[in-house]
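Remarks on the structure that follows.
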Amino acid sequence: MPYSRRLPRIAPNGRIALWLSPTQRDLFIGSPEIPQDLGHALHRAPVRKGKLTLRVTRDSLDALIRAAAGFTAQGRGDERALATLLRYLQSLEGRFDDGPADEAPDG
């Protein structure tokens, strides 16, 4: 059986682990695009080894992506950090299984 680097797909109603730095978390907490329950979860997420971990649903991840896309960078370094954060969140979104909705309709 060959080794596969591909991560397993997650059900659309499942949760995925998200790793953020406290600075990134603070950006999201201050954003008006984040729902209140997600803001509370971000605020209360435990921080270990300089990163906080949070398990989020697809809807919460979509809200984080929308918020990250709306952030403005102050300089070149901030712009690069925000682009990396946005790519990371979008890569997590690709892990969710879309199920039968992705299949082409017959006919």
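Letter by letter, the sequence shown follows residues 154 to 260 in the numbering used here. Glycine residues also receive a C-beta, built at the ideal position from the N, C-alpha and C atoms.
- In its chain, beyond the 5 residues on either side, Leu191 have a beta carbon closer than 7 Å to the beta carbon of serine 213.
- Scanning its chain for C-beta atoms nearer than 8 Å, with the 5 sequence neighbours on each side dropped, one finds around leucine 235 the residues Ala221, Phe224, Ala226, in chain order.
- Its Cα nearest to that of isoleucine 187, the residue Ile218 stands out among Ala198, Arg197, Ile218.
- Threonine 206 and alanine 198 do touch by the CB rule: their CB atoms are close to 7 Å apart, below 8 Å.
- Taking C-beta separations shorter than 8 Å and ignoring five residues to either side along the sequence, the partners of lysine 204 in its chain run Trp172, Leu173, Ser174, following chain order.
- Runs of the alpha helix (DSSP H) spanning 4 or more residues and lying entirely within the stretch 225 to 255 occur at 229 to 246, in chain order.
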